[in-house]
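Going down the list, the sequences are from chains R and L. Number 90 marks the last residue of the first sequence (my numbering); no jumps. Number 322 marks the last residue of the second sequence (my numbering); no jumps. Note that the Cβ used here is the ideal one computed from N, Cα and C, for glycine as well.
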Amino acid sequence: MPTIVVEVMPKAELLDPAGKAVAGALARSNSPITGVRIGKRFELTVEGEVTEAVFAEAQRLADEMLSNSVIEDVVRIYVAETALADEATI
Amino acid sequence: MRIGVVTFPGSLDDRDAQRAIRLAGAEPVALWHGTHDLDGVDAIVLPGGFSYGDYLRCGAIAARSPIMSEVIDAANAGVPVLGICNGFQILVEAHLLPGGLIRNDHGHFIRRDQKLRVENASTVWTSGFDAGQEITIPLKNGEGGFIASDETLNRLNGDGLVAFRYVDGNPNGSLDDIAGVTNERGNVVGLMPHPEHATELGFGPDAPGAMRSGLDGLTFFASVIESTLARS
């Protein structure tokens, strides 16, 4: 079933306290990772084909509901034939 | 004078808000998120809590609930609307107030009696205060960091739309110490601290005279009652 993937990140210039907390935990385990930012991934499932109209609707939802442009950016939106969760079992 | 309090799934302080309204001398009216019915109320409170478990973003799902289309219409028609904590988050998500609220910069949930300065005493919810007056209101949140673009911040500061600022320490990293804002008309106000928790002797924040005797929150509700009666 076709899936539209929407990726949202906190705005680059904003502090991401959750990412900072994870980065702190990584530093305590001697990881070479020096920074973490935490975003969100939405997998939107649709019946049938992802037409231009369906994709445009997903873009509208990504901008107006799935993200808040005051605090976040939609960094990527694309069509995946299978959700990542399914791919992991292949 | 009837003041509605909207209960969303996950609201916590709806009953406290109703109690505060009664203590201030108005009739509280319970409203339900899933309806399109404001029951003819004269003013509306969106209470604190964790609507929809803060899923998606704090207040984001509640801002799109059925009753919010009526709340937005009422706000645009001049009906007084107060958003407290999660209610403030709902108001920014509904675009009735500018800016956004993100996780506290230190990453911790915070609860304390918070000193605020009333910056704008001409809104319907703050008219009982003097501009510059310092008040103490309980604060309790994990995502109370107020942010906005530079352009929006300049407008908020320049046009007197900052309703309250934190005094004696910024508890959550809010830009320019902003604790609450108003719309230009002064009928929609949102703030992170909880005025409904400072309305009854024995249950409020500590005051200089006696423990738990702070009643500064009562003035929010007294203000809207007085403003509404003065207009009718």
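| Asked | Found |
| --- | --- |
| For a contact defined as C-beta to C-beta under 8 angstroms, what are the partners of L/ILE237 on chain B? | Considering every chain present, this structure includes no chain B. Its protein chains are R and L. |
| Within 8 angstroms, do at least three Cβ pairs link the region 205-216 of chain L to the region 173-187 of chain L? | no |
| Could you tell me the boundaries of the alpha helix (DSSP H) in which L/ASP306 lies? | That residue, L/ASP306, is in no alpha helix (DSSP H); it is neither H nor E in DSSP. |
| Counting only beta-carbon atoms, is L/GLU147 nearer than 7 angstroms to chain R? | In the sequence on display, residue 147 of chain L carries Arg and not Glu. Yes, L/ARG147 counts as interfacial toward chain R. |
| Closer than 8 angstroms by beta-carbon distance: list the chain R residues that pair up with L/GLY197, in chain order. | PRO17, ALA18, LYS20, ALA21 |
| At a Cβ threshold of 7 angstroms, is L/ILE192 touching chain R? | yes |
| Round the Cβ separation of L/GLU209 and L/ARG255 to the nearest angstrom and send it over; I've been treating them as touching at under 8 angstroms. | 6 angstroms |
| Flag this pair as yes or no: are the beta carbons of L/PHE236 and L/ILE268 separated by less than 7 angstroms? | yes |
| Can L/SER141 and L/PHE178 be called in contact, C-beta distance under 7 angstroms? | no |
| Three or more C-beta pairs under 8 angstroms: does that hold for the region 297-317 of chain L against the region 149-160 of chain L? | no |
| Using a Cβ cut-off of 9 angstroms, which residues of the region 177-189 of chain L contact any Cβ in chain R, in chain order? | VAL182, GLU183, PRO188, GLY189 |
| Tell me which residues share the same chain as L/ILE192 and place their Cβ nearer than 7 angstroms to its Cβ, disregarding the 5 neighbours each side in the sequence. | GLU233, GLY235, ILE237 |
| Using only CA atoms, which one of L/ASN176, L/ASP163, L/PRO261, L/ALA165 lies nearest to L/LYS38? | Because chain L is modelled from 91 through 322, residue 38 of chain L falls outside the range shown and cannot be assessed. |
| Name the DSSP bridge partner or partners of L/LEU206? | L/ILE225, L/TYR256 |
| With DSSP collapsed to three states, give me the class of L/TYR142. | helix |
| Excluding the 5 residues preceding and the 5 following L/LEU251 in the sequence, name in chain order all residues of the same chain whose CB lies nearer than 6 angstroms to its CB. | VAL271, THR272 |
| State the DSSP-derived secondary structure class of L/ASP106, mapped to helix, strand or coil. | helix |
| Return helix, strand or coil for L/THR213, following the three-state DSSP convention. | coil |
| Would you list the one or two residues that DSSP bridges to L/ASN176? | L/ASN176 pairs with nothing; no bridge assigned. |
| Ends of the beta strand (DSSP E) at L/GLY94? | 92-97 |
| With DSSP as the reference, identify every bridge partner of R/ASP73, one or two as the case may be. | R/MET9 |
| How about L/VAL257 and L/ARG321: are their beta carbons less than 7 angstroms apart? | no |
| Tell me the DSSP secondary structure of L/PHE199 in three-state form. | coil |
| For R/PHE55, name the three-state secondary structure that DSSP assigns. | helix |
| Checking the sheet assignment: what are the DSSP bridge partners for L/VAL271? | L/VAL252, L/GLY280 |
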